[in-house]
Amino acid sequence: MRCGDDFADAAISVRAPGLRRVRIDLAYDGSFFSGWARQPSRVTVQGVLESALELILRSPHRVTVAGRTDAGVHAEAQTVHLDITEETWQKLTGREGNQDPACTLHRRLTGALRRTLGEAEVKLGLPMSMHGVMQGAIRIHRVCEMPANFDARFSATGRRYIYRIADGQQAGPDPLRRTFTWGVPERLTPSVLNEAAADLLGLRDFLSFCKPREGATTIRELRILNFMRTEEGLIEAHIVADAFCHHMVRSIIGALVLYASGKRTREWLRGLIDSPARDASLTLAPPQGLSLAEIYYPAPEEYGAQAERARRTRTAAAAG
282 MRCGDDFADA AISVRAPGLR RVRIDLAYDG SFFSGWARQP SRVTVQGVLE
332 SALELILRSP HRVTVAGRTD AGVHAEAQTV HLDITEETWQ KLTGREGNQD
382 PACTLHRRLT GALRRTLGEA EVKLGLPMSM HGVMQGAIRI HRVCEMPANF
432 DARFSATGRR YIYRIADGQQ AGPDPLRRTF TWGVPERLTP SVLNEAAADL
482 LGLRDFLSFC KPREGATTIR ELRILNFMRT EEGLIEAHIV ADAFCHHMVR
532 SIIGALVLYA SGKRTREWLR GLIDSPARDA SLTLAPPQGL SLAEIYYPAP
582 EEYGAQAERA RRTRTAAAAG
């Protein structure tokens with residue numbers, strides 16, 4: 282269990298009156314969830330996590346997430362923050378007042394998730410024989426206090442995703458890999474994928490590869506897009522950007538696989554890049570192959586400045 286460790290050793294010099302800002306790092310298997318964001322009548326990662334927090338903190342607490350994920354998408358390294366009142370934080374020190382509140386919250390949250398994941402199984406209508414299948418679907422990596430100017434979303438300088446492809450699957454997807462890979466029948470060549478991927482790098486409008494949200498920009502800086510063959514025989518795509526718009530990674534992967542499998546031309550792909558426009562016919566790679574792998578943050582003294590820059594950039598881009 283990691284909590285209150287050197288991860289947040291920088292002095293907490295920025296603190297909102299009466300509040301403690303808390304960072305939670307977690308991972309989850311997205312197979313049973315309708316994405317990250319809380320939705321009425323649906324089982325989501327945010328919903329299950331916030332229900333567990335409410336059990337511990339005795340009142341509703343909304344979390345801010347580094348990167349929202351779609352239904353079926355996994356996360357190896359997700360980050361959220363929330364604010365807890367000073368009174369509630371001190372209660373986590375125990376009756377003797379000698380316990381680390383972050384460690385207490387970590388321990389209790391792990392236990393509360395067992396209950397809320399069990400409730401999620403009932404909500405999904407799973408038969409009794411399948412009860413317990415979601416236990417462990419969310420894991421808390423660590424909990425720690427952060428400066429008040431840390432923002433899980435806007436303090437981030439970048440995100441890294443991994444997309445895993447099981448290619449050459451003429452007989453259909455491997456049943457033991459189907460929940461975390463995209464099984465495609467064609468044999469793909471990483472060098473061919475990388476050659477085409479190079480055209481996408483840089484700061485540009487990714488409208489062709491995004492599902493636009495009202496008031497949001499589709500301009501992003503794609504920093505890394507690299508395909509490699511793993512020792513297990515899978516193809517992994519590592520993709521890094523300052524941020525990603527809705528469906529961006531899956532649309533890019535889908536387009537590149539269409540090209541690499543000979544179903545589309547290089548000119549078609551370049552047309553998507555050079556003339557940004559939403560193409561409804563673009564193949565969207567399935568969600569199960571995608572996993573949020575890493576969130577990048579600056580040094581603690583840069584949290585506030587980075588958050589302010591990110592907010593200004595998003596606001597200016599959305600305005601015009």
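Numbering of the sequence shown is given in our numbering, commencing with residue 282 and proceeding in unit increments.
Cβ coordinates follow ideal geometry from the N, Cα and C atoms, glycine included.
Note that the structure is a prediction, hence the values are computed from the model and not measured.
Measure the C-alpha to C-alpha separation of V329 and R547 and round it to an integer number of angstroms. 43 Å
Please state the DSSP three-state secondary structure of C384. Looking at C384 - three-state DSSP - the assignment turns out to be helix.
Suppose you measure from the CA of P567 to the CA of S489; what does that come to, to the nearest Å? 17 Å
For S572, does the three-state DSSP call read helix, strand or coil? Secondary structure at S572: strand, using DSSP grouped into helix, strand and coil.
Using a beta-carbon distance below 7 Å, is Y584 in contact with chain B? Among the protein chains of the structure shown there is no chain B, as only one such chain exists.
Ordered along the chain, which non-local residues of its own chain (more than five positions away) have a Cβ less than 6 Å from that of R434? Take R434, set aside five residues on each side of it, and the residues of its chain with a beta-carbon closer than 6 Å to its own are T345 and A347, in chain order.
Using CA coordinates, which residue listed in F314, A574 and G299 is at the minimum distance from V414? F314
What is the rounded straight-line gap between the Cα of E583 and the Cα of H387? Distance between E583 and H387, taken at the CA atoms: about 26 Å.
F288 versus I576 - alpha carbon distance: Because the pLDDT of F288 is 48, which lies under 50, any placement of that residue in the model is unreliable, and the question is left without a value.
Just to confirm the assignment, what range does the beta strand (DSSP E) spanning E426 have? I419 to M427
Indicate the three-state DSSP secondary structure (helix, strand or coil) for E368 in the structure shown. Helix at E368.
Does the pairing of the stretch 314-326 with the stretch 348-355 give three or more beta-carbon distances under 8 Å? yes
How big is the Cα-Cα spacing for L573 and T360? 10 Å
For T438, which three-state DSSP category applies? coil
If you drop the 5 nearest sequence neighbours on each side, which residues of the same chain put their C-beta closer than 8 Å to that of D290? Because D290 carries a pLDDT of 47, less than 50, the predicted location of this residue cannot be relied on, and the following value inherits that uncertainty. Within the same chain, D290 has no close Cβ partners at all.
Alpha-carbon spacing of I305 relative to K544, whole angstroms: 43 Å
Which residues in the same chain as R468 place their Cβ atom closer than 7 Å to its Cβ, once the five residues preceding and following it in sequence are excluded? Cβ neighbours of R468 within its own chain (closer than 7 Å, five residues either side excluded): D448 and G449.
With contact counted as at least three CB pairs below 8 Å, one residue from each stretch, are the stretch 469-487 and the stretch 373-385 in contact? They do not touch, by the three-pair rule.
In the DSSP assignment, the alpha helix (DSSP H) including Y540 goes from what residue to what residue? M529 to A541
Can you find at least 3 beta carbon pairs, one from the stretch 493-507 and one from the stretch 456-463, that sit closer than 8 Å? By the Cβ test, the stretch 493-507 is not in contact with the stretch 456-463, since fewer than three Cβ pairs between them sit closer than 8 Å.
For E377 and K492, the rounded distance between their alpha carbons: 52 Å
Excluding five sequence neighbours on each side, which residues of the same chain lie with their C-beta closer than 7 Å to the C-beta of R595? T498.
Quick check on the DSSP output: the alpha helix (DSSP H) that includes A477 runs from which residue to which? For A477, the uninterrupted alpha helix (DSSP H) run begins and ends at P471 to A478, by DSSP.
Taking DSSP as the reference, what is the three-state secondary structure of M509? DSSP places M509 within a strand segment (E or B) once states are collapsed to three.
My guess is that P338 and T369 are in contact by the Cβ rule of under 8 Å, so how many angstroms apart are they, rounded? Going by the sequence as given, residue 338 is Leu instead of Pro. Rounded to the nearest angstrom, the Cβ distance from L338 to T369 is 6 Å, consistent with a contact under 8 Å.
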